[in-house]
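**Q** Quick one: the structure is below, and I'll ask about it shortly.
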Amino acid sequence: MRTVHAYAAPSATEPLVPTTIERRDVGPSDVLIEIRYAGVCHSDIHTVRGDWGPIAYPQVVGHEIVGEVVEVGAEVTKHAVGDRVGVGCMVNSCRECENCKAGMENYCLKGNTQTYAARDRDGSITQGGYSTHIVVDEDFVLKVPAEIPYEAAAPLLCAGITTYSPLAHWNAGPGKKVAVVGLGGLGHMAVKIAAAMGAEVTVLSQTLSKRDDGLSFGATDYHATSDDATWRELRNRFDLIINTVSAPIDMRKYLSLLALDGTFVSVGAPPEPLPVHVFTLFGNRRSFAGSSIGSIGETQEMLDFCAEHGIAPEIELISADQINDAYERVLSSDVRYRFVIDTATLAG
Ligand SMILES: [Zn+2]
Ligand SMILES: [Zn+2]
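In UniProt numbering, the protein residues as written are 1 to 348.
Now the structure itself:
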């Protein structure tokens, strides 16, 4: 075991505090990563505050991790000391089910092992990326191309793949009209990636306050959902709508914006069901779908795509003592567009 610095939630209601945690010894197929940067995802906050159910404390969160390989197990072949690597939302899966065998570990039928707050194979609870080091099986470690700025690479491991996967699956590209609902951490990556894929991108946001940003990320159109004219003007328009908003929305209105065979995909997770009137699906043979992160293979594909197209998240770099303030700002949507922790400050 190895004791490493971390920031942990002591309970659902207290601020995160500096602490130390134990990391397992490097096994034959493990990689020890010295974490350099860790993104702050909204899921981190939901998890530590118990919004998605009770968890064990203290808990370290963070599933947007980049760093350097500093030690490898005897049987490791994919990574070497000195490599720049990343870890996202999962650190293992059953590897035996139909979906795992198909290379879709994110849809493991037994449930993949999440990077934090999950029961690991050894029975311990996984601890995430707000720490100086992590030990991960080599199969769940990604290569982060040098073209992507180090500190900006971290959010690709959750926000990047969560939006890339549905865009790729539903064939966003030249000739396709894509709408992105919400311009936050996920939404701004969806805009950049969809535009790089060659799609025509429209942002649907409550107000026009981030319009200049949206257009600079590659959108060609930007509409306020608070304006009734938006719904009339954009009716039957889109081949694909990516919803990144986790608040309740009026599905009838959004589905009415889909063109023939269009699909509405939610990557945002509203806590309550979203009621759908089936008649709205009959028109234009519309589909309502969901998507959850991406496989390891697809995550590598996304990283390589971002390197090739010069895409990186917009970030605000923070030190460890700013994490609690950052949480409050995430909750009030006051971040452009992702906080990233400089993990060198965790030891301070
Ligand atoms: Zn996340
Ligand atoms: Zn499986």
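Glycine residues also receive a C-beta, built at the ideal position from the N, C-alpha and C atoms. It should be emphasised that the depicted structure is a prediction, and the values quoted were computed from it without experimental measurement.
What are the start and end residues of each continuous beta strand (DSSP E) run of 3 or more residues lying completely inside the segment 149 to 215, in chain order?
**A** List check, beta strand (DSSP E) in window: 177 to 181 and 200 to 205.
**Q** What does a CB cutoff of less than 6 angstroms around L204 pick up in its chain, not counting 5 residues either side in sequence?
**A** The residue given as residue 204 occupies position 204 in the sequence shown. Correct list, in chain order: A179, V181, H223 and T225.
**Q** Please classify M1 as buried or exposed, where buried requires at least 16 neighbouring CB atoms within 10 angstroms.
**A** As a first step, residue 1 is located in the sequence shown; it is residue number 1 there, counting from the start. Exposed: under 16 other Cβ atoms inside 10 Å.
**Q** Along the chain, where does the beta strand (DSSP E) that runs through G290 open and close?
**A** As a first step, residue 290 must be located in the sequence shown, where it is residue number 290. That run of the beta strand (DSSP E) goes S287 to G290.
**Q** Between the segment 294 to 313 and the segment 267 to 283, do three or more beta carbon pairs fall short of 8 angstroms?
**A** The answer is no - the segment 267 to 283 does not touch the segment 294 to 313, with fewer than three Cβ pairs under 8 angstroms.
**Q** Since S29 and E75 are thought to touch, with beta carbons under 8 angstroms apart, how far apart are those beta carbons, to the nearest angstrom?
**A** Locating residue 29 in the sequence shown gives position 29, where the first residue counts as 1. Locating residue 75 in the sequence shown gives position 75, where the first residue counts as 1. About 5 angstroms; that satisfies the 8 angstroms criterion.
**Q** Cβ of R237 versus every heavy atom of ligand 2: is any distance shorter than 7 angstroms?
**A** By 1-based counting over the sequence shown, the position of residue 237 is 237. Checking the Cβ of R237 against ligand 2 gives no.
**Q** In the structure shown, what three-state DSSP assignment does M302 receive?
**A** Here residue 302 refers to the residue found at position 302 of the sequence shown. Three-state result, M302: helix.
**Q** Is DSSP giving R235 helix, strand or coil here?
**A** For the purposes of this step, residue 235 is taken as residue 235 along the sequence shown, with counting starting at 1. Looking at R235 - three-state DSSP - the assignment turns out to be coil, as it is neither helix nor strand.
**Q** Closest to G187 by C-alpha separation, out of A159, F282 and E98, would be which residue?
**A** Your numbering for residue 187 matches position 187 in the sequence shown. Measuring from the Cα of G187, the nearest candidate turns out to be A159.
**Q** Taking Cβ to Cβ, would you say L257 is nearer than 8 angstroms to L234?
**A** The count along the sequence shown starts at 1 and reaches residue 257 at position 257. The count along the sequence shown starts at 1 and reaches residue 234 at position 234. Contact: yes.
**Q** Note the first and the last residue of the continuous beta strand (DSSP E) segment covering S266.
**A** Taking the first residue of the sequence shown as 1, we reach residue 266 at position 266. Start and end: L258 to S266.
**Q** Could you check whether the Cβ of H223 sits closer than 7 angstroms to any heavy atom belonging to ligand 1?
**A** As a first step, residue 223 must be located in the sequence shown, where it is residue number 223. H223: no, Cβ never under 7 angstroms from ligand 1.
**Q** Can you give me the C-alpha to C-alpha distance between T132 and V4, rounded to a whole angstrom?
**A** Taking the sequence shown and counting its residues from 1, the one referred to as residue 132 is at position 132. Taking the sequence shown and counting its residues from 1, the one referred to as residue 4 is at position 4. When rounded, the distance between both Cα atoms is 6 angstroms.
**Q** Using alpha carbons as the reference points, say which of L260, L281, F264 and A229 lies closest to residue 363.
**A** Residue 363 is absent from the structure shown; the chain starts at 1 and stops at 348.
**Q** Heavy atom of ligand 2 less than 7 angstroms from the Cβ of K192, yes or no?
**A** As a working mapping, residue 192 is identified with position 192 in the sequence shown. No, Cβ of K192 sits at least 7 angstroms from all heavy atoms of ligand 2.
**Q** Over what stretch of residues does the alpha helix (DSSP H) that includes R2 continue unbroken?
**A** Mapped onto the sequence shown, residue 2 falls at position 2. R2 -> not in any alpha helix (DSSP H); beta strand (DSSP E) instead, spanning R2 to A8.
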